[in-house]
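Report on the structure given below.
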Amino acid sequence: MGGTFDPIHHGHLVAASEVAAAFDLDEVVFVPTGQPWQKNAQEVSPAEHRYLMTVVATASNPRFTVSRVDIDRPGPTYTIDTLRDLRATRPEAELFFITGADAMAQILSWKNVDELWSLAHFVGVTRPGHELSTQRKDVSLMEVPAMSISSTDCRRRVSGGEPVWYLVPDGVVQYIAKHGLYRKGAPETGTPV
Ligand code: ATP
Ligand code: MG
């Protein structure tokens, strides 16, 4: 499951858990993006913060892991590279790529979509406010419990002094506070190198 994870929230975790159960997956690999090409670089938190929040959020689940492939690869992140790198480290694995309805719609508009399809089976999950549909027979669509949570809203809440308790895991609430993430005017502290 790829994402900016800025920060990771319970919408991501529920989606991953539901797909893992439905498809009997052995492992869900969360892959924080490097420099997201569709988002403004200045608006995205440093990759190490996003990576560590994802580690904190997934640590208690033995089937959840976090990969550094996208944050360690220089340049913008393309899903095709993510899948190739994951394939290289897990040559025997059958790969699934989990996306929410909004990301699914974007992916379907890409030019190299057929190559993506040859590397992984795509699973699109429902997300409040986005329509989930596809004409393609090789894409699975799945309804998951509706979590009307977005990282954008979490960032907005923190910058406005509103709570993010229960929207993100407790450890992520504490990580955000500890490093002063998303607070307007206050540069985050202790950025890991
Ligand atoms: P932002 O608001 O910064 O774009 P986001 O909440 O959309 O953040 P991303 O990191 O962009 O989170 O999303 C990673 C993946 O998780 C995408 O495939 C996205 O569609 C999916 N996703 C995010 N939130 C939800 C949710 N609440 N329910 C289902 N899928 C979700
Ligand atoms: Mg998003």
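Using full-length UniProt numbering, you'd call the opening residue of the sequence shown number 1 and step up by one each time.
Idealized CB from N, CA, C, for every residue including glycine.
All values derive from a computational prediction rather than experimental measurement.
Mind checking who residue i pairs with in its DSSP beta bridge?
| i | result |
| --- | --- |
| Val168 | Trp165 |
| Ile98 | Val123 |
| Thr134 | Note: Thr134 sits in no beta bridge, so no partner. |
| Val31 | Gly2 |
Between the Cα of residue i and those of the options, spot the shortest distance and give me the residue it belongs to.
| i | options | result |
| --- | --- | --- |
| Leu132 | Ser150, Trp117, Leu116, Leu108 | Leu108 |
| residue 199 | Pro91, Gly75, Asp114, Asp26 | With the chain running from 1 to 193 in the structure shown, residue 199 is simply not present. |
| Val69 | Arg63, Thr82, Tyr78 | Thr82 |
| Trp117 | Asp102, Ile98, Val125 | Ile98 |
| Gly75 | Met147, Gly34, Met104 | Gly34 |
| Ile80 | Ala101, Trp165, Phe122 | Phe122 |
| Pro128 | Gly100, Leu141, Pro169, Val139 | Gly100 |
| Glu27 | Arg63, Ser159, Ser17, Val19 | Arg63 |
| Met104 | Arg84, Arg73, Met142, Glu94 | Met142 |
| Thr4 | Tyr78, Ala21, Ser60 | Tyr78 |
| Asp72 | Leu95, Ala93, Glu48 | Glu48 |
| Tyr51 | Gly180, Arg183, Lys184, Tyr175 | Tyr175 |
| Pro145 | His179, Ser67, Thr126, Asp24 | Thr126 |
| Glu162 | Asp170, Asp153, Gly124 | Asp153 |
Which first and last residues belong to the alpha helix (DSSP H) in which residue i is found?
| i | result |
| --- | --- |
| Met53 | 47–58 |
| Val44 | Val44 -> no alpha helix (DSSP H), and no H or E assigned at all. |
| Thr79 | 79–89 |
| Ile71 | 69–72 |
| Asp153 | 151–159 |
Look up residue i in the DSSP assignment and say whether it is helix, strand or coil.
| i | result |
| --- | --- |
| Ser140 | strand |
| His9 | coil |
| Ile176 | helix |
| Val148 | Looking at the sequence shown, residue 148 is not Val but Ser. Reduced to three states, the DSSP call for Ser148 is coil. |
| Ala103 | helix |
| Trp117 | helix |
| Val193 | Caution applies to Val193, whose pLDDT of 48 falls short of 50 and renders its modelled position unreliable; the model cannot decide the point. |
Check whether the Cβ of residue i sits closer than 7 Å to any heavy atom of ligand 4, and report yes or no.
| i | result |
| --- | --- |
| Phe5 | Ligand 4 is not part of this structure, which contains only ligand 1 and ligand 2. |
Starting from residue i and walking both ways along the beta strand (DSSP E), at which residues does that stretch end?
| i | result |
| --- | --- |
| Phe64 | 64–66 |
Q) Contact between the region 52–60 and the region 6–21: three or more CB pairs below 8 Å? A) At 8 Å Cβ cutoff, the stretches touch.
Q. Does the pairing of the region 87–96 with the region 42–51 give three or more beta-carbon distances under 8 Å?
A. Contact fails: fewer than three Cβ-Cβ distances are below 8 Å.
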